[in-house]
Amino acid sequence: MRNSADYEMLDRLGEGAYGTVYLVTHLPTKSQYALKKIQMKSDEGGIPQNVVREISSIVSIRSLDHPNVVKLHDAFVSRNQQELCLNIIFEKCDWDLQEFLRAIPEDMCDGQCRHLARQIFAGIDFLHSNSIIHRDLKPQNILINRDQTVKIADFGLARNYGLHSTMTTVCKYNTSADIWSAGCILLELYMRKPLLAAQNESKQLLTIFQNLGTPAHSAWPSDAVVDLSFYSTYPAIPLSILAPKASPRAIELASATLRFNPHERPTAAICLQHSYFL
1 MRNSADYEML
11 DRLGEGAYGT
21 VYLVTHLPTK
31 SQYALKKIQM
41 KSDEGGIPQN
51 VVREISSIVS
61 IRSLDHPNVV
71 KLHDAFVSRN
81 QQELCLNIIF
91 EKCDWDLQEF
101 LRAIPEDMCD
111 GQCRHLARQI
121 FAGIDFLHSN
131 SIIHRDLKPQ
141 NILINRDQTV
151 KIADFGLARN
161 YGLHSTMTTV
171 CKYNTSADIW
181 SAGCILLELY
191 MRKPLLAAQN
201 ESKQLLTIFQ
211 NLGTPAHSAW
221 PSDAVVDLSF
231 YSTYPAIPLS
241 ILAPKASPRA
251 IELASATLRF
261 NPHERPTAAI
271 CLQHSYFL
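Take UniProt numbering: the last position of the sequence shown gets the number 278, and nothing is skipped along the way.
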């Protein structure tokens, strides 16, 4: 395991939900990486055990190798006075998907959207095949390079450092939570803006119901912690109206992923077999 002395910090790349990201050079090899620095609660007795466990967990997934999953290289703890930081080293990419969609001068064609979407679902399928649930999949956590290779990032962090998305807190989260997120991202590729944007987290479920319709009790998961009786009944707005730039087959796939009952959503592997990708 490396330490902070092995790296030279070059530039601040940005700040996300889990910490600040820097461009660094690994001095022994002169290779450039991205370093994510996450502030942790300090412990007078040394490094807290939960931090030690988290490092072990992150290091253990270094062996994961897939073209659509960001490559993790290492993790270590640094201490500066009272500040304790978890440092995660991973491959550097050119943008996150949110930045990319804002930067491109015009909408992408159906083929371009499909090319990116296929990679997202392939990355999700790989993570799920390795018993990893992302839990916080969104454009900011999807990286993209100039050659339009897509890589899913932050899949080792959401469990302990992120707020679970609304549809994962409705009921016990499983792999289907990532499928819901992927469906939203699929349509965002066409629209270049969030499909179900809410003013804040507390209003997210209301926004979903106002757009996708309030589900019938029979379609609501039996283990849901949210009581539907607190919400008014809203009619569903067709996805073809919510995302008019999306192709019919993209709408068809998104409709399958955006089912309220998680047990009715297809797996990532099944999504990849959809006619949209054929």
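Cβ atoms here follow ideal geometry from the backbone N, Cα and C, with glycine treated the same way. It should be emphasised that the depicted structure is a prediction, and the values quoted were computed from it without experimental measurement.
Alpha-carbon spacing of histidine 263 relative to serine 176, whole angstroms: 7 Å
Threonine 175, DSSP secondary structure in three states: helix
Pick from Leu205, Asn211, Cys271 that is closest to glycine 183, judged by C-alpha positions: Cys271
Distance, asparagine 68 Cα to leucine 196 Cα: 25 Å
Alpha-carbon spacing of aspartate 74 relative to leucine 35, whole angstroms: 10 Å
Euclidean distance between Cα positions of proline 244 and methionine 40: 44 Å
Cβ-Cβ distance between isoleucine 142 and arginine 265 below 7 Å: no
Span of the alpha helix (DSSP H), counted from its first residue to its last, around serine 129: 110-129
Burial state of threonine 257 (16 or more Cβ within 10 Å): buried
CB contact below 7 Å: leucine 206 versus chain D: Of the protein chains in the structure, only one exists, and it is not chain D.
Leucine 163 burial status per 10 Å Cβ neighbour count (16 or more: buried): Note that leucine 163 scores 38 on pLDDT, short of 50, meaning its location in the model is unreliable; the coordinates nonetheless yield the value given after this. Its Cβ having fewer than 16 others within 10 Å, leucine 163 is exposed.
Backbone CA spacing between methionine 9 and leucine 97 [nearest angstrom]: 24 Å
Limits of the unbroken alpha helix (DSSP H) element including alanine 269: 268-272
Inter-residue Cα distance where the pair is glutamate 201 and phenylalanine 126: 29 Å
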